[in-house]
Amino acid sequence: MTRMLRIVFLLGISLSAMAATDIYQFETPEQEQRFRVLLDELRCPKCQNQSLADSDAGIAQDMRARVEIMIKEGKSNDEIVDYFVARYGNFVSYRPPVTPTTSILWLAPLLLLGSGAVIIVLLLRRASARVDDSDEGGEESDMNQRGDR
Amino acid sequence: MKANSPWVFLPLVGFVLLAVLLASGLGRDPQELPSALVGKPVPSFSLPSLMTDETLTQDSLKGRWQLLNVWATWCPTCYIEHPFLLELAARGVAIAGLNYKDESDPARQYLAEHGNPFTHVIVDADGQLGLDLGVYGAPETFLINPDGEIVLRHAGDLNARVWKEKFVPLLEQNQPGGEA
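Here's what the structure looks like:
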């Protein structure tokens, strides 16, 4: 019985996953693959924070249809993304190009990671320095040091 | 590190900077997207006119300063915006309409009922011109110069405050003395 339920449940999942793309017919699986990738990379300008694949807004439907047409016309992924960026700005792309305005998006993670690493190194150094101290001065000085802090 | 080391203030400074950054973001309208089309000509199109039999093209939007207002009968905010459009038209502002993804019969009825502020109305039934204009909803209003170039795009309803803050400065800057 549980097994049966599980199968029904899994069927339900796979059906809903298909629902978003089922009305788009492509000649090759490669085209369909590109379609899915583009729909994930393009952002709906209306219901912000949803991709074209997620969104049910009217404009997202229009944009999906335009992506479908452009793929069938043989346009490359870059051409399609550029087409939408020319109309809706970099906002429409979940993978914005590196420009002075967007540089913080790309650099902030590196800076945060870097400063985190620096902090960890400093903390570790201090900890090992303290261990050295206690080795030399014995338990008493270790306690003094703690009292200091 | 001693307790009075200046480093102990680092987290506080970081927090304050972050708080200022986030607070400045709170006041911004996330619907306000930068338009990629400002400074560019209106995309070419050839579409029917709602009120006449002529075919309208991008050349229909040249020759004078005018607004291009994207509207539809399915758009609740357009009803709210409509009286202000009528007021602007009465003051002599040229407004072209773009009937966006709408049905023409109800659209004509709407204009007959509520008044028609538009010099002409472009029928964009499947939203393709809207897509070329970067429209993602209605209402939206574009300011177009006599060369047919987009000077400003405003998403959302046009009202007295928006008109005064966003449109009037541009119009005065470009044609001193007149509000259009």
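Read top to bottom, the protein sequences are chains A and B.
Mapping of the first sequence onto my numbering: residues 397 to 545, in sequence order.
Mapping of the second sequence onto my numbering: residues 40 to 219, in sequence order.
All C-beta atoms, glycine included, are put in the ideal place defined by N, C-alpha and C.
Asked: Near-chain B residues of the stretch 433-453 of chain A (beta-carbon distance less than 7 Å), N- to C-terminal order; Found: P441, K442 and Q444
Asked: Supposed contact pair B/L76 and B/G222 - C-beta distance, whole angstroms, cut 8 Å; Found: This structure leaves residue 222 of chain B out entirely; chain B is present only between 40 and 219.
Asked: CB contact check: B/L170 to chain A, cutoff 8 Å; Found: yes
Asked: Cβ pair count under 8 Å reaching 3, the stretch 186-196 of chain B against the stretch 161-169 of chain B; Found: no
Asked: Proximity test, Cβ basis, 8 Å: B/Y175 and chain A; Found: yes
Asked: Span of the alpha helix (DSSP H), counted from its first residue to its last, around B/P115; Found: P115 to A129
Asked: Below-8 Å beta-carbon distance, A/D478 vs any chain B residue; Found: no
Asked: Beta-carbon proximity check, A/C440 vs A/I419, cutoff 8 Å; Found: no
Asked: Beta carbon of B/F206 nearer than 8 Å to that of B/L107; Found: no
Asked: Positions along the stretch 454-484 of chain A whose CB lies within less than 8 Å of some CB in chain B; Found: G454, I455, D458, M459, R462, V481, A482, R483 and Y484
Asked: When B/T94, B/A133, B/N198 and B/E126 are compared against B/R103, the one with the closest alpha-carbon; Found: B/A133
Asked: Within-8 Å CB hit, B/S83 to chain C; Found: Of the protein chains in this structure, namely A and B, none is chain C.
Asked: Neighbour flag for B/L76 against chain A, beta carbons, 8 Å; Found: yes
Asked: Any C-beta of chain A under 8 Å from that of B/G166; Found: yes
Asked: Given 8 Å, three or more beta-carbon pairs between the stretch 425-437 of chain A and the stretch 464-471 of chain A; Found: yes
Asked: Residues near A/S614 by beta carbon distance below 8 Å, same chain, minus five either side; Found: Residue 614 of chain A lies beyond the stretch modelled for chain A, which goes from 397 to 545, so this question has no answer here.
Asked: Nearest-angstrom Cα separation, counted from B/Q212 out to B/L124; Found: 22 Å
Asked: Any C-beta of chain A under 8 Å from that of B/K140; Found: yes
Asked: Rounded straight-line distance, which links the Cα of B/E152 to that of B/E142; Found: 16 Å
Asked: Pair within 8 Å by beta-carbon distance, B/A146 and B/T112; Found: yes
Asked: DSSP-derived helix/strand/coil call for B/H193; Found: strand
Asked: Status (buried if at least 16 other CB within 10 Å, exposed otherwise) for A/N445; Found: exposed
Asked: B/A129 to B/P122 span [Cα, whole Å]; Found: 11 Å
Asked: Cβ-Cβ separation, B/I183 to B/V109 (assumed contact under 8 Å), whole Å; Found: Rounded, the Cβ-Cβ distance is 12 Å, inconsistent with contact.
Asked: Ranges of the alpha helix (DSSP H) found wholly within the stretch 414-500 of chain A, counting only runs of at least 4; Found: 425-437, 454-468 and 473-484
Asked: B/V132, DSSP secondary structure in three states; Found: coil
Asked: Residue range of the unbroken alpha helix (DSSP H) whose run includes B/S63; Found: L49 to L65
Asked: Nearest-angstrom beta carbon gap, B/T94 and B/V83 [assumed within contact, 8 Å]; Found: Note that residue 83 of chain B corresponds to Ser in the displayed sequence, not to Val. At roughly 13 Å, the Cβ-Cβ gap does not stay under 8 Å, so B/S83 and B/T94 are not in contact.
Asked: B/I119 beta carbon less than 8 Å from that of B/D196; Found: yes
Asked: Counted within 10 angstroms of its Cβ, other Cβ atoms place A/L581 as buried (16 or more) or exposed; Found: No answer is possible for residue 581 of chain A: it lies beyond the span of chain A, which begins at 397 and ends at 545.
Asked: For A/D474, the nearest candidate out of A/D458, A/P493 and A/Q457 (CA to CA); Found: A/P493
Asked: A/C443 versus A/S451: straight-line alpha-carbon distance, rounded; Found: 7 Å
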